[in-house]
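Colleague: I have a structure I would like to understand better, so I am pasting it below and will then ask my questions one at a time.
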Amino acid sequence: MGIQHHRLTHPALAFWVNVTVHERDGCYMATADLAEDSRDVGVGDTPQEAVRAALRSLGEPYASELAAGLCDGLGGPTGP
Numbered sequence: 028m029g030i031q032h033h034r035l036t037h038p039a040l041a042f043w044v045n046v047t048v049h050e051r052d053g054c055y056m057a058t059a060d061l062a063e064d065s066r067d068v069g070v071g072d073t074p075q076e077a078v079r080a081a082l083r084s085l086g087e088p089y090a091s092e093l094a095a096g097l098c099d100g101l102g103g104p105t106g107p
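Counting in this note's numbering, the sequence shown runs from 28 upward without gaps.
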C-alpha cells in the first residue's frame, strides 16, 4: 500500500476531510486534516481502524462511516 491520499465526505457534513494513510510492515497510520491548523493522527491494524482513530474528534457515526468508506477501493464514499 505505501502512502495513499483520500478526500472523504459525508452527506451530513458541510466539509470534506483530507486523509493520508501510511502502511509500514503491516501497521497503518492515518493523518486527518480536520481544521486549518489541526492534524489528527490514528493508528490501527487496518487502514479503516487507523482512519477511524484519526477521525475520533468528529464523533460517531461520522468517524466510523467515513472509515468504512475506505472499503470501496480505499477512496471513501465519494472517491479519492
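Idealized CB from N, CA, C, for every residue including glycine.
Cβ of Val46 versus every heavy atom of the ligand ATP: is any distance shorter than 7 Å?
Modeller: The model on display carries no ligand, and the ligand ATP is accordingly not part of it.
Colleague: The alpha helix (DSSP H) that contains Ala81, what's its start and end?
Modeller: Here the alpha helix (DSSP H) through Ala81 covers 74-81.
Colleague: Using 8 Å as the threshold, is the region 75-91 in touch with the region 28-47, meaning 3 or more CB pairs across them?
Modeller: Yes, the region 75-91 touches the region 28-47.
Colleague: Whole angstroms are fine: how far does the CA of Gly71 sit from the CA of Gly103?
Modeller: With a pLDDT of 38 at Gly103, under the threshold of 50, the modelled position of that residue is not reliable, and the figure given next carries that caveat. Approximately 17 Å between the Cα atoms of the pair.
Colleague: Considering Ser65, what are the terminal residues of the beta strand (DSSP E) in which it resides?
Modeller: Counting along the chain, the beta strand (DSSP E) containing Ser65 begins and ends at 65-71.
Colleague: Determine the DSSP secondary structure at Trp43, reduced to helix, strand or coil.
Modeller: Three-state result, Trp43: coil.
Colleague: Can you name, in chain order, every residue of its own chain whose Cβ lies under 6 Å from the Cβ of His32, other than the five neighbours on each side?
Modeller: Thr47, listed in sequence order.
Colleague: Among Gln75, Trp43, Arg34, which one has its Cα closest to the Cα of Glu50?
Modeller: Among Gln75, Trp43, Arg34, the Cα nearest to that of Glu50 belongs to Gln75.
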